[in-house]
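Novice: Chains as they are written, first to last, in the working numbering: chain A, 88 to 433; chain B, 895 to 1302.
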Amino acid sequence: MSVLAVAGGQLLADSVISFDLGALARNFWALTIDGLTYGAIYALVAVGYTLVYGVLRLINFAHSEIFMLGMFGQYATLMLLGFGPSGNAYSEGTMMTIVYLGIAMLGGMAVAGGAAVGLERVAYRPLRKRGAPSLVFLITAIGASFVIQEFVHFVLPKLTGGTLGGVNAQQPIRLVQASDVISFANTSISNIEIVIVVSALTLAFAADVFINRTKFGRGIRAVAQDPVTATLMGVSRERIIMLTFLIGGILAGAAALLYTLRVPSGILYSGGFILGIKAFCAAVLGGIGNLRGALLGGLLLGVMELYGQALFGTEWRDVVAFVLLILVLMFRPTGILGESLGRARA
Amino acid sequence: MSTETTSTVAHLGIGDRFRLWWDALARPTQWAVGVPFIVLIALLPIIKPPVLTTVGTDFAGVLAQFGMYALLAIGLNVVVGQAGLLDLGYVGFYAIGAYTVGLLTSPDSPWNQTDSWLSQKWAWLFALPIAIAITAISGLILGSPTLRLRGDYLAIVTLGFGEIVRLLADNLTTITGGGRGLSRIAYPIVGVSESRPTGYFSAGNNQAPITSGVAWFWLSIVLIIVVLLVVGNLQRSRVGRAWVAIREDEDAAEIMGVPTFKFKLWAFLIGASIGGLSGALYAGQVQFVIPTTFNIINSTLFLVAVVLGGQGNKLGVILGAFVIVYLPNFFLGRTELFGIPINGNEIANYKYLFFGLALIVLLIFRPQGLFPARQKLLAYGREVYVAARRAALALTRPTSDETTGGSR
Chain A
88 MSVLAVAGGQ
98 LLADSVISFD
108 LGALARNFWA
118 LTIDGLTYGA
128 IYALVAVGYT
138 LVYGVLRLIN
148 FAHSEIFMLG
158 MFGQYATLML
168 LGFGPSGNAY
178 SEGTMMTIVY
188 LGIAMLGGMA
198 VAGGAAVGLE
208 RVAYRPLRKR
218 GAPSLVFLIT
228 AIGASFVIQE
238 FVHFVLPKLT
248 GGTLGGVNAQ
258 QPIRLVQASD
268 VISFANTSIS
278 NIEIVIVVSA
288 LTLAFAADVF
298 INRTKFGRGI
308 RAVAQDPVTA
318 TLMGVSRERI
328 IMLTFLIGGI
338 LAGAAALLYT
348 LRVPSGILYS
358 GGFILGIKAF
368 CAAVLGGIGN
378 LRGALLGGLL
388 LGVMELYGQA
398 LFGTEWRDVV
408 AFVLLILVLM
418 FRPTGILGES
428 LGRARA
Chain B
895 MSTETTSTVA
905 HLGIGDRFRL
915 WWDALARPTQ
925 WAVGVPFIVL
935 IALLPIIKPP
945 VLTTVGTDFA
955 GVLAQFGMYA
965 LLAIGLNVVV
975 GQAGLLDLGY
985 VGFYAIGAYT
995 VGLLTSPDSP
1005 WNQTDSWLSQ
1015 KWAWLFALPI
1025 AIAITAISGL
1035 ILGSPTLRLR
1045 GDYLAIVTLG
1055 FGEIVRLLAD
1065 NLTTITGGGR
1075 GLSRIAYPIV
1085 GVSESRPTGY
1095 FSAGNNQAPI
1105 TSGVAWFWLS
1115 IVLIIVVLLV
1125 VGNLQRSRVG
1135 RAWVAIREDE
1145 DAAEIMGVPT
1155 FKFKLWAFLI
1165 GASIGGLSGA
1175 LYAGQVQFVI
1185 PTTFNIINST
1195 LFLVAVVLGG
1205 QGNKLGVILG
1215 AFVIVYLPNF
1225 FLGRTELFGI
1235 PINGNEIANY
1245 KYLFFGLALI
1255 VLLIFRPQGL
1265 FPARQKLLAY
1275 GREVYVAARR
1285 AALALTRPTS
1295 DETTGGSR
């Protein structure tokens, strides 16, 4: 990181971009922990990109919108449970809060997973039947991304009488009040950060086990490696593709709930876009098509981004993410761990 | 397809028929048909045809914007349609072109070096070639490390590049003015008179018939023709054939001795400079640049124009650009259409929804775009092409619908 910082300092005059090594050193642990929080969320979304890419060689550009729908899904679930926007956090007691959060997460997963499968059915399957070139898939994905965003922007508020969607972000529903649980070396870890990192890592671990240890996972890897042979061996390619989209959607829905814990005011029709791009960067960083690569890339991107933010200032956070991506791809054109969903051991 | 074939032409689609007719014309006849057609289009903002003209906004302004988007679509078509390199950050070049003009001529900019020795009258014209050159260099800087990446990786890296350019414009507050942008950018000062104290191209010129929109539209038509001639000649040359080879199969092209990296870089560079040209036009017309104009959504919108029109078809992508710019503006402020009451503003608001739906439906039923490109025998003359095309169509049409490509 210091190499990049020095290069930045030399290229552009100090008055334009200044960098502050002291801030990075002082807040190193706090930044690392916050970075891991974001990174865990990126990683969960990145898994969706990477699985679909591994199986279909398709950048599912609309995955960021699936994530966004997940945010609305968990919000709607909380509203159905009787919660409403309020200034202060509800105090339901630890057990009940976890139960409610779990239900909201299931709601987000259901919406996002359903949307992902629906998207595959409506937009991608007809193209596959016609054997369209890969550019066509990507552009369809961009079209689908437009449609989903604008649906939430304009149509959803009409359907729900203005309670969901529209131009403005949703008023946050706070179930958890952030409070510091662990403190060490002038760094503290809040309950929200623990919840996010622990649940994201649990889900990521579950996904890894699912892909590497179960029959369905073996099917996914088989199709990723060689669709024709996999079909000959009795694997239904269409079903596997649907399953892949479903898993990606479910993890994006889970990530959506975790993200709204961290950024309660982020529930907006365009709120998934940049996060989706970054999650995709994370997938590419780690080696797209590679599940563990997505996890590594997500955590790395989240942490690096926050170090960059401390060095150069908040407004440079996204620039750091993209420059990191370009630098990594220049030296490792297939990402840190390489593309290998199909080649993992059987 | 059950009827017996008597003439091959009877089985052709409108596009093919038009193409055959056009290619069979002699060069002077082509000019005799083409020039009046272009003049007619140029006169559109003055004639203001009753249904076509926009209600909510200045029709000439919409057409001027279309001119800039058409240039962008032609430039992006070189990269995506002809060389087959997916560029999702093309808006970055547009931004660099616009900001170069802005930085050189706006009084807000610390790098404004033209005031001291160059009159404001010539400042825009002076900045134009510099903008094109700098954008070309930026294409080189982006392309030389990244063009070794394949397909999807290239797409995400270019996307990152586009975002970086916008964020730089937003964050380098001391130079670019950040979110406030750069105002009072120079424009060509031509035809100063009593009624037009700042000339035809000034944004303040709303004296009919030649308003500022009309002036910029005409300028962009001239530039589009020049760029089309350049790009068309490139397409028919060794460079163009190399692009086609790379697009169809990069490995095979490499083995056949095509220096793929070099030609990919050329495509990037040429595409970038056309984008820069369009950006410079934009900066001059609006006289004001802010970072939000150059966000990723616009980048994807340019790609929509290219795909909608038909990748690889230069005239098709111009029509694609027209659809992208014109349709939302057509509905803006309209309360009825052919007697049917509609809420035009609302329809205009939904533009991304409709473009998205149109893209999905179009790509399912017509993945080559509305006006698909036909691969020509680039090395040979038109007569050979026409004869070969007729023969090929006569052979393939009656037996199978699929083989001609366009109807898939």
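Positions of the beta carbon are idealized from the N, C-alpha and C atoms, including for glycine.
1. Suppose you measure from the CA of residue 198 of chain A to the CA of residue 156 of chain A; what does that come to, to the nearest Å?
2. Check the Cβ of residue 367 of chain A against every Cβ in chain B and list those closer than 9 Å, keeping chain order.
3. Is residue 425 of chain A closer than 7 Å to residue 373 of chain A when the C-beta atoms are compared?
4. Could you give the DSSP three-state label for residue 1183 of chain B: helix, strand or coil?
5. May I have the straight-line CA-CA distance separating residue 895 of chain B from residue 1286 of chain B, to the nearest angstrom?
6. Could you name the residues of the segment 1184 to 1209 of chain B whose beta carbon sits closer than 7 Å to any beta carbon of chain A, in the order they occur along the chain?
7. List the endpoints of the continuous beta strand (DSSP E) containing residue 1040 of chain B.
8. Counting only Cβ-Cβ distances shorter than 7 Å, please list the residues of the segment 1240 to 1257 of chain B near chain A, keeping chain order.
9. With 7 Å as the threshold, decide whether the Cβ of residue 332 of chain A is near any Cβ in chain B.
10. Looking at the C-beta of residue 91 of chain A, does it have a partner C-beta in chain B at a distance below 7 Å?
11. DSSP state of residue 1086 of chain B, grouped into three classes?
12. Have a look at residue 304 of chain A and residue 1225 of chain B and give me their C-alpha separation to the nearest angstrom.
13. Residue 1137 of chain B: buried (16+ other C-beta within 10 angstroms of its C-beta) or exposed?
14. Would you identify the three-state DSSP class for residue 900 of chain B, choosing helix, strand or coil?
15. Name the one or two DSSP bridge partners that residue 1235 of chain B has.
16. Tell me, which residues are paired with residue 276 of chain A by DSSP?
17. For my contact list, residue 1267 of chain B and residue 987 of chain B are in at a C-beta cut-off of 8 Å; report their separation, rounded to the angstrom.
18. At 4 residues or longer, what runs of the alpha helix (DSSP H) sit wholly inside the segment 1056 to 1105 of chain B?
19. Hey, how far is the Cα of residue 212 of chain A from the Cα of residue 238 of chain A?
20. Would you list, in chain order, the members of the segment 336 to 364 of chain A that have their beta-carbon closer than 7 Å to a beta-carbon of chain B?
21. Is there a Cβ of chain C sitting closer than 7 Å to that of residue 1043 of chain B, yes or no?
22. Would you grab the beta carbon distance between residue 1188 of chain B and residue 1060 of chain B for me? Rounded to a whole angstrom, and I think it's under 8 Å.
23. Take residue 193 of chain A and list the residues in its own chain whose beta-carbon comes closer than 8 Å to its own, dropping the five residues that flank it on each side.
24. Considering just the uninterrupted stretch of the alpha helix (DSSP H) at residue 150 of chain A, what are its terminal residues?
25. For residue 1169 of chain B, which residues of its own chain have a beta-carbon under 7 Å away from its beta-carbon, when the five flanking residues on both sides are left out?
26. What are the uninterrupted segments assigned as alpha helix (DSSP H) that are 4 or more residues long and contained completely in the segment 951 to 976 of chain B, given in chain order?
27. DSSP three-state label for residue 921 of chain B, please.
28. Since residue 1238 of chain B and residue 955 of chain B are thought to touch, with beta carbons under 8 Å apart, how far apart are those beta carbons, to the nearest angstrom?
29. If distances are taken between C-alpha atoms only, which option among A/265, A/124 and A/114 comes closest to residue 181 of chain A?
30. If the cut is a Cβ gap below 7 Å, which residues of chain A does residue 1046 of chain B touch?
31. Strictly under 7 Å for the Cβ-Cβ distance: is residue 417 of chain A near chain B by that measure?
32. Answer yes or no: does any C-beta atom of chain B fall closer than 7 Å to that of residue 420 of chain A?
33. Interface residues of chain A around residue 1328 of chain B at Cβ under 9 Å?
34. Which of the three DSSP states, helix, strand or coil, is assigned to residue 351 of chain A?
35. Pull up the distance between the alpha-carbon of residue 153 of chain A and that of residue 274 of chain A, whole angstroms please.
36. Is any beta-carbon of chain B found at less than 7 Å from that of residue 376 of chain A?
Specialist: Checking against the coordinates, here is how it stands:
1. Rounded to whole angstroms, residue 198 of chain A to residue 156 of chain A spans 7 Å at the Cα level.
2. Chain-order list of chain B residues neighbouring residue 367 of chain A: 1050 and 1053, by C-beta distance under 9 Å.
3. Taking 7 Å as the Cβ cut-off, residue 373 of chain A and residue 425 of chain A do not qualify as a contacting pair.
4. Residue state for residue 1183 of chain B is assigned as strand, using DSSP reduced to three classes.
5. A caution first: residue 895 of chain B carries a pLDDT of 40, below 50, which makes its placement in the model unreliable, though a value can still be read off. When only Cα atoms are considered, residue 895 of chain B and residue 1286 of chain B end up about 17 Å apart.
6. Of all residues in the segment 1184 to 1209 of chain B, 1194, 1197 and 1201 have a Cβ within less than 7 Å of some Cβ in chain A.
7. No beta strand (DSSP E) contains residue 1040 of chain B, which is instead part of the alpha helix (DSSP H) from 1014 to 1040.
8. Using a CB distance below 7 Å, the part of the segment 1240 to 1257 of chain B facing chain A consists of 1243, 1244, 1246, 1247, 1249, 1250, 1251, 1253, 1254 and 1257, ordered along the chain.
9. It does not; no Cβ of chain B falls within 7 Å.
10. For residue 91 of chain A, the predicted model reports a pLDDT of 42, less than 50, meaning its position is unreliable; a value from the coordinates is still stated below. No, no contact with chain B.
11. The three-state secondary structure of residue 1086 of chain B, taken from DSSP, is coil.
12. Rounded to whole angstroms, the gap between the alpha carbons of residue 304 of chain A and residue 1225 of chain B is 50 Å.
13. Residue 1137 of chain B comes out buried.
14. Because the pLDDT of residue 900 of chain B is 44, which lies under 50, any placement of that residue in the model is unreliable, and the question is left without a value.
15. Under DSSP, residue 1235 of chain B takes part in a beta bridge, and its partners are B/1230.
16. The partner list for residue 276 of chain A (beta bridge, DSSP) reads A/269.
17. With 8 Å as the limit, residue 1267 of chain B and residue 987 of chain B do not qualify as a contact, their Cβ atoms being about 23 Å apart.
18. Residue ranges of uninterrupted alpha helix (DSSP H) with 4 or more members, entirely inside the segment 1056 to 1105 of chain B and ordered along the chain, are 1067 to 1070.
19. Rounded to whole angstroms, residue 212 of chain A to residue 238 of chain A spans 21 Å at the Cα level.
20. With the criterion set as a beta carbon lying under 7 Å from some beta carbon of chain B, the members of the segment 336 to 364 of chain A are 364, in sequence order.
21. The structure shown contains no chain C; its protein chains are A and B.
22. Correct: roughly 5 Å between the Cβ atoms.
23. Closer than 8 Å at the Cβ level, and outside the excluded window around residue 193 of chain A, lie 164.
24. Boundaries of the alpha helix (DSSP H) harbouring residue 150 of chain A: 150 to 167, taken from the DSSP string.
25. These residues qualify, in order along the chain: 966, 969, 984, 987, 988, 991 and 1029.
26. For the segment 951 to 976 of chain B, whole alpha helix (DSSP H) runs of length 4 or above, ordered along the chain, are 953 to 971.
27. Of the three classes helix, strand and coil, the one that applies to residue 921 of chain B here is helix, per DSSP.
28. Not confirmed; about 17 Å, so no contact.
29. When each option's Cα is compared against that of residue 181 of chain A, the closest is A/265.
30. Neighbours of residue 1046 of chain B on chain A, chain order: 146.
31. So yes, residue 417 of chain A belongs to the interface.
32. True, the Cβ-Cβ gap to chain B drops below 7 Å.
33. The first residue shown for chain B is 895 and the last is 1302, placing residue 1328 of chain B beyond what the model contains.
34. Three-state result, residue 351 of chain A: helix.
35. Roughly 35 Å between the two C-alpha positions.
36. False, the Cβ-Cβ gap to chain B never drops below 7 Å.
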